[in-house]
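This report refers to the structure that appears directly beneath it.
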Amino acid sequence: MFPENAWADSILAALTIDEKIGQFFMISAYSNRREPEYKAVEELIHRYNPGGILFFQGGPGRQAVLTNRYQAAARVPLLIGLDAEWGLGMRLDSTISYPRQMTLGAIRDNDLIYQMGLEIGRQCRRIGVNVNFAPVADINTNPRNPVIGNRSFGDNKVNVAGKASAYMRGLQHQQVIAVAKHFPGHGDTDTDSHHALPVLKHSRERLIEEELFPFRRMIRDSLTAVMSGHLHVPAIDMTEAMPASLSSNMLEGVLRKEMGFKGLLFTDAMNMKGVLKSGKPSEVNLKALLAGNDIILAPESFKESVEAVKAAFNDGLIDEAFINGKVKRILKAKYFAGLAEYRPVDLYNLAKDINSSRAVSLNRELVEASVAVIRNRGDLIPVAGKQQVALISVGEQGETAFFKMLGRFADARHFSYRKMSPDKRELAGILKGTERYDKVVVALHHVSSSKSANYNIDPEAVRMIDTLRRSGKKTAVCIFGTPYALDILPESEAVIVAYQNDVTAQETAAQVVAGAIGAQGVLAVAAGQFERGAGIRTSTLDKLAYGAPDLVGLNGEVLTSIDYLANDAIAKKAFPGCQVLIAHSGKIVFEKSYGKLTYDQPGQVSPETLYDLASVTKVMSTLQAVMLLYDSKKIALDKKVSFYLPELKGTDKQDITIKELLVHQAGLKSFYPKLWKSTMLSPTELSGKYYSSQSDSAYSLRVAPTLFARSTVKDSVWKWIIESPMAKRSAPSRPYPYIYSDLGFFMLQKTVERITGTSLDAFVSKNLYEPLGLAHLLYNPLERYEAAVIAPTEDDSRFRGELLQGTVHDQMAALCGGVAGHAGLFGNARDLAVLLQMNLWKGRYAGKQYIRPETIELFTKMQGNSPRALGWNKPRTSGNSSFLSELASPASYGHTGFTGNLVWVDPEKDLVFIFLSNRVYPNADNNRINSLKTRRRIQDVAYEALLRSEPM
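Residues 341 to 1292 (my numbering) are what the sequence shown spells out, left to right.
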């Protein structure tokens, strides 16, 4: 396996017998202990020259420091080993855990396994590890196996061999020694070798055909190392209780001679009881070497074992040729691992390097490829349209990651019981509660691998699933754990196997149920009535999904700089908190909340926090309504607004067209303070004619949390707008200049309401927000949500005399009861993203065409000499913007909001960008968001991430 090299020969020639014997041992070490233990390991290195260190629990930084220390103490560079079957997270805190091998066994594309091997290999090298005791090549044909289970790729030899080889090749391409284990195959045993000696009872022919198949494939593909297992195989060695790890028949006869393996041979850990029953530790370790192993792993009685080997040499039991043969193989392996040019681990930026965005993205990609739908009668999955879903979580209390993600896509009600065994009263309550729902999803959390413990699923939970089935309720069961649990579960219309209970698995399964992504995985083992390989590719419903940036062409590392920009702006009091969302290629790849609702209160901003959207209302409400009416030919752009609003005839506004209102060239005032100042007796006193602190039939319009206006004031506002002065123009025949105006969108609101016969908020809610599932996009949020989830805006000392939280900041919109064409909408980034994505997808979302593509194209194009599209803002053609990136394409469009918001769509880049804040808290005069150019700089990062993307 390892080529000849002069370095190995020169090192071998310089070693004494004692130093050579030390190379046979890889001793244990931890990075979470105290200095006396670290020093003890260091002294062993000085004295015995061991071949390597096997690290167990600890942390990456601490282990890297110790690695440098131990390597500095060694006369020959050490092999540094780690059990990292599912990545560094198997042993080290603060690192990534990739899916278990059975989860990987569900993936159809073995190249993903190779990519994982490459990434785990990269992380190993980064912390100084050059031996990974992976992959597990055992075929898990025994569901009762207590030690392998989900560590195996499955129960099919071809699948196991292909994936084990892919993982191996990835590691070795990073110069990390891959160790296939546990030879000759630990999959069909029912004893844990940590505690006793398992017996593999199959015939030699069966072993060759089945258990040895993955090892043969890996040897053919240039496997670097094998771990011999502590299990008795009578068909190969009939010596009573002879572990394979101590059997020369197995190691020299089968592995070396018959299978042609020329690489490095490690024992399994020699502190396991399955092997220690064969004699004293020092004697057993010597037997392991005599049987054919090259390196004794985690030896008991290390010092005595070294002496035992030396005594065997002195007594003639082994000769120097025997020793040299093994040591040379060890040295050639070290050369392969790059130790001939050893360099200490660079500690700078270590944590960030090993937990890179690409590494995290790969984890999500693996999980997304593994979740399997193995039954789907009547296409129960995905949940389409406005169907209501009841989610029953068994085994986990509170809002699970599965429920939170499902709730972003569907109208879901959650029934949660922490224990796996809800009692009969609880079951009755669950069943009663699900009656009004179209579909039921039962999520089984913390499903264990123990068949003897019924997989941690109580019979009452099983009966509940059966009761749902017999009642005719359309039921899907989602297993977050071993697929072997299918053995005890009753039939249901749909079955999803997610394999693990971590957040990524739960979020992925929820997106599969909702149709945001399709199921790709298969069943890794035969279980219940299902065959291995069962798996239905479910369809997607063209919804905005969640994904990893590096998987869709954004550099995730670049996006991390958004954290600094947002937190810096908060520290400089540009705003108390904010939400940032970036979507690309139909995937939300960045969604974060920063800071607090206010500077001095504990409430944190969350994804559910609602912000006053201010003028974003123009494009997310009024403009959407206008496009809907344009589609249905109920409104024409060149029609005069007085055609729809006859009260404008005979006024100086009678000739204004709908198009002129949309492009802000109607000659209307930008802002008209008279609209609200007319309702005040003085700059500090409100008129009792218009306001009351009590709500009743006369004073029904809430303009502040504790202030109400007469319902008739809306008519006064409209009258004042009609009477408002017009702008001047150079000549009567000349068009009005561009003057950004709130009044124009108030007129558009009136037009929409006159045409539809309903209020603007009701119209957009019925035709857009409700069908799209946008429960967090609404006017007057206090009618549905508590004030605690709404970011406050201004402490309004100039008009309403109180802090505004849940009532619109804009004065004119407030006088209209919170519903206006230019302001009044509240929302969060997620719901805005869906609506913006619908616009980006040319009016289509989740299989439904809301607005015609031609209409979207027309309304988002620059209009003549105007600096705007129809309703939308466009990038400047000259000069710098304080809020918009210069990298935004000419095809892009969006809008800002006075309260500190920006929404932007870039069709050319397939990008949606949202920034929400309450920069007007506590005073609207605070303009730091613009002086710092926070919105622009954060949007710059999104574009920079596109420019610096690298293929996965």
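Each residue gets a CB set at the ideal place from its N, CA and C atoms; glycine is no exception.
{"Item": "Per-residue DSSP class, three states only, for His386", "Value": "helix"}
{"Item": "Whole-number beta carbon distance between Pro1065 and Lys993, since they are thought to touch under 8 Å", "Value": "With a Cβ gap of about 11 Å, Lys993 and Pro1065 do not count as contacting."}
{"Item": "For Lys643 and Leu626, the rounded distance between their alpha carbons", "Value": "12 Å"}
{"Item": "Burial state of Thr1217 (16 or more Cβ within 10 Å)", "Value": "exposed"}
{"Item": "Val981 versus Pro1193, Arg1094, Thr880 and Val802, residue with shortest Cα-Cα distance", "Value": "Arg1094"}
{"Item": "Asn485, buried or exposed, once every other Cβ within 10 Å from all chains shown has been counted against 16", "Value": "buried"}
{"Item": "Leu771 CB to nearest heavy atom of the ligand SAH below 6 Å", "Value": "The ligand SAH is absent from the structure shown, which contains no ligands of any kind."}
{"Item": "Beta-bridge pairing of Met366 - partner residues as DSSP gives them", "Value": "Gly392 and Leu637"}
{"Item": "Reduced DSSP category for Tyr824 - H, G, I as helix; E, B as strand; rest coil", "Value": "helix"}
{"Item": "Among Asp971, Val734, Ala849 and Leu963, the one whose alpha carbon lies nearest that of Thr1195", "Value": "Asp971"}
{"Item": "Contact between the segment 645 to 662 and the segment 419 to 434 (3+ Cβ pairs under 8 Å)", "Value": "no"}
{"Item": "Residue span of the alpha helix (DSSP H) that contains Val713, given as start and end", "Value": "It is not in any alpha helix (DSSP H) - Val713 instead sits in the beta strand (DSSP E) that spans Ala712 to Asn716."}
{"Item": "Straight-line Cα distance separating Arg1275 from Gly738", "Value": "35 Å"}
{"Item": "Helix, strand or coil at Thr997 [DSSP, three-state]", "Value": "strand"}
{"Item": "Proximity below 7 Å, CB of Leu1100 to CB of Val1092", "Value": "yes"}
{"Item": "Distance CB(Leu571)-CB(His526) smaller than 7 Å", "Value": "yes"}
{"Item": "Nearest residue (CA-CA) to Ala1049, options Trp1058, Thr607 and Ser1033", "Value": "Ser1033"}
{"Item": "Three-state class that DSSP yields for Trp347 in the structure shown", "Value": "helix"}
{"Item": "Inter-residue spacing [alpha-carbon to alpha-carbon] between Gly917 and Leu679", "Value": "50 Å"}
{"Item": "Alpha carbon of Ser756 to alpha carbon of Gly735, nearest angstrom", "Value": "8 Å"}
{"Item": "Contact set for His534: own chain, Cβ-Cβ below 8 Å, skip 5 residues either direction", "Value": "Val487, Met612, Lys613 and Gly614"}
{"Item": "Which residues DSSP lists as bridging Asp1135, in chain order", "Value": "Leu1143"}
{"Item": "7 Å Cβ cutoff met for Ile447 and Ala699", "Value": "no"}
{"Item": "Outcome for Met442 when other beta-carbon atoms lying within 10 angstroms are tallied against a minimum of 16", "Value": "buried"}
{"Item": "Range of the contiguous alpha helix (DSSP H) that encloses Asn1241", "Value": "Asn1241 -> not in any alpha helix (DSSP H); beta strand (DSSP E) instead, spanning Asn1241 to Asp1246."}
{"Item": "Close beta carbons around Ser1221, own chain, < 7 Å, minus the five adjacent residues each side", "Value": "Arg1276"}
{"Item": "Integer-rounded CB distance, given that Arg491 should sit under 8 Å from Arg440", "Value": "6 Å"}
{"Item": "Closest Cα partner of Thr1024 within the set Leu1122, Val956, Ser1137 and Val929", "Value": "Ser1137"}
{"Item": "Beta strand (DSSP E) runs contained entirely in the segment 721 to 790, provided each spans 3 or more residues", "Value": "728 to 734, 751 to 757 and 779 to 787"}
{"Item": "Extent of the continuous alpha helix (DSSP H) to which Met558 belongs", "Value": "Phe553 to Arg560"}
{"Item": "Secondary structure of Asn796, DSSP reduced to three states", "Value": "helix"}
{"Item": "Per DSSP, the bridge partner or partners of Val835", "Value": "Arg715 and Val817"}
{"Item": "CA nearest to the CA of Asn496, picked from Pro554, Leu511, Asp1265 and Asn472", "Value": "Pro554"}
{"Item": "Start-end ranges of the alpha helix (DSSP H) lying completely within the segment 1248 to 1284, minimum 4 residues", "Value": "1268 to 1271"}
{"Item": "DSSP state of Arg491 mapped onto helix, strand, coil", "Value": "helix"}
{"Item": "Inter-residue Cα distance where the pair is Ala652 and Lys668", "Value": "19 Å"}
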